Structures are given as C-alpha cells and as structure tokens.
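Per the working numbering, the sequence shown starts with residue 1, numbered consecutively. Everything below concerns the one structure shown next.
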Amino acid sequence: MRELSLNVLDIVQNSITAKATLIKIELIEDINNDILKINIFDNGKGMTDEQIKSVTDPFYTTRTTRKTGLGIPLFKMAAEMSGGSFKIESIVGVGTKIFTSYIHSSIDRMPVGNINETVSMLIQMNPDIDFVYTHTFNEKSYSLDTRELREQLEDVPLDTPDVIEWINDYLKENDSIITV
Ligand SMILES: Nc1ncnc2c1ncn2[C@@H]1O[C@H](COP(=O)(O)OP(=O)(O)O)[C@@H](O)[C@H]1O
Ligand SMILES: [Mg+2]
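Encoded structure:
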C-alpha cells in the first residue's frame with residue numbers, strides 16, 4: 001500500500017524545483033479528535049490561481065496545454081478518500097502552502113509510513129535547503145529546524161554522516177517522548 005510519506009517526498013520535490021530555500025513539513029496527529037493533518041509550506045516561486053486550478057485537476061486543460069504530473073492530484077485524492085480535505089494557497093514570488101487532513105481512523109486513510117526517513121533523506125539530499133519539521137501528537141509537539149542546527153554546527157555541512165545520524169536519533173527520541 002502507498003504511504004503518505006511518499007506523497008510528502010513528491011510534494012517537497014515540487015518545492016525544491018520551485019527554488020524554495022525554506023521548506024516546512026508539519027505532521028499533526030490529533031488522535032483525540034480522530035484527525036491527521038500533513039501540511040507543507042515553501043518559499044518557492046509560487047503559482048497563479050490559474051496554475052493552482054490546472055494542477056489540482058489533472059483533466060483541466062487550457063489553450064496552452066502542457067504536461068502536468070500527478071503529484072498534487074494524488075495527494076489530494078489520498079486526503080479526500082479518507083473523508084478529509086485538501087487545500088493549496090499560493091502567492092507568486094512568495095511561496096506555496098499545501099494543507100491536507102484525513103480522518104485518522106478511516107480504513108481508507110493511507111498509513112503515514114516512515115516520515116522520519118523521508119525528512120532525514122530530504123535534508124541529506126538537499127543540504128543547502130533549510131527544513132523545519134514539526135510533529136504534533138495530541139497536545140505534545142517537537143520541531144527539527146535545520147537553521148538552528150546549522151548555527152550549532154558552524155561550518156559542518158548537514159549531509160555529514162554524523163549529523164544525519166544525530167538527526168535520525170533526534171527524531172526517534174522525540175517521537176518516543178511525545179507519543180506516550
Ligand atoms: N510548491 C510549488 N511551487 C511552485 N509550483 C508548484 C509547486 N508545486 C507544484 N507546482 C507546479 O505544479 C505542477 C504540478 O505538480 P505535480 O502535480 O507534482 O506534477 P509534476 O511535479 O510532475 O509536474 C508542477 O509542475 C509545478 O509547475
Ligand atoms: Mg511533482
């Protein structure tokens with residue numbers, strides 16, 4: 001079965017292509033209200049309203065028909081399939097925000113998958129981009145902010161094996177703290 005973390009990888013790839021320098025990923029597990037949310041924000045080149053329309057509907061065509069992929073339609077479908085919702089807000093020259101929500105307990109909700117691995121891989125593959133990953137579980141939350149990490153590391157690059165290992169441990173430890 002497909003996993004939402006793979007959709008996240010796809011969507012963040014769009015942000016990278018759009019020349020984002022800061023990408024925020026939020027995973028919100030509101031078990032008490034049976035809601036799961038995954039939001040992705042970037043400061044890339046943004047989209048016009050017309051573009052937003054054409055990317056959310058794979059069958060939408062304009063006179064200047066161009067090839068569009070399925071990254072966004074698939075993410076939208078995953079959310080709506082579970083009884084949740086999907087929204088894009090974008091401003092040209094400012095950035096893009098993608099909001100998805102899911103009914104947590106729905107049998108049609110895809111599993112989140114290994115999002116820590118996704119985050120870690122994204123940092124490793126794009127050491128010059130800043131990422132902020134926030135995981136919320138009910139009322140508890142933590143963040144990994146590569147801008148703060150960079151300050152601590154001075155000139156050590158983020159894709160250094162020891163740094164990646166530290167990131168993996170940080171995510172794992174904090175997950176175990178917030179999910180109790
Ligand atoms: N974060 C983003 N910033 C700017 N443009 C975007 C963003 N995400 C998607 N787009 C635009 O929407 C198009 C469709 O995205 P997607 O559905 O993932 O398919 P693909 O990436 O294969 O083209 C992209 O080609 C791009 O033009
Ligand atoms: Mg894409």
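Here a beta-carbon is modelled for each residue, glycine too, at the ideal position from N, C-alpha and C. All values reported here derive from a predicted model rather than from experimental measurement.
Buried or exposed (CB count within 10 angstroms, at least 16 for buried), residue i
| i | result |
| --- | --- |
| Ser101 | buried |
| Ile31 | exposed |
| Ile181 | An answer regarding residue 181 cannot be provided, because it is not within the stretch 1 to 180 covered by the chain. |
| Met125 | exposed |
| Asp159 | exposed |
| Val163 | buried |
| Thr96 | buried |
| Val55 | buried |
Unbroken beta strand (DSSP E) run spanning residue i, endpoints
| i | result |
| --- | --- |
| Asn39 | Ile35 to Asp42 |
| Leu27 | Leu22 to Asp30 |
| Lys87 | Ser85 to Ile91 |
| Ser101 | Gly95 to Ile103 |
Under 8 Å between C-beta atoms of residue i and residue j
| i | j | result |
| --- | --- | --- |
| Phe75 | Lys87 | no |
| Ser143 | Thr134 | yes |
| Asp169 | Gly71 | no |
| Phe41 | Lys19 | no |
| Ser15 | Gly113 | no |
| Arg109 | Asp130 | no |
| Gly93 | Lys45 | yes |
| Val12 | Ile38 | no |
Extent of the continuous alpha helix (DSSP H) to which residue i belongs
| i | result |
| --- | --- |
| Lys172 | Pro161 to Ile178 |
| Gln16 | For clarity, residue 16 is Ile in the given sequence; the question names Gln instead. Per DSSP, Ile16 belongs to the alpha helix (DSSP H) from Leu4 to Thr17. |
| Asp49 | Asp49 to Thr56 |
| Glu80 | Gly71 to Met81 |
Residue-chain proximity (residue i, chain B), Cβ-Cβ < 8 Å
| i | result |
| --- | --- |
| Leu27 | Among the chains in the structure shown there is no chain B, since it carries only a single protein chain. |
Length at least 4, wholly inside the segment 122-146: the alpha helix (DSSP H) runs in chain order: none
Chain-ordered list of residues that sit, by beta carbon, closer than 6 Å to a heavy atom of ligand 2: Qualifying residues come out as Asp10, Gln13, Asn14, Gly69 and Gly71.
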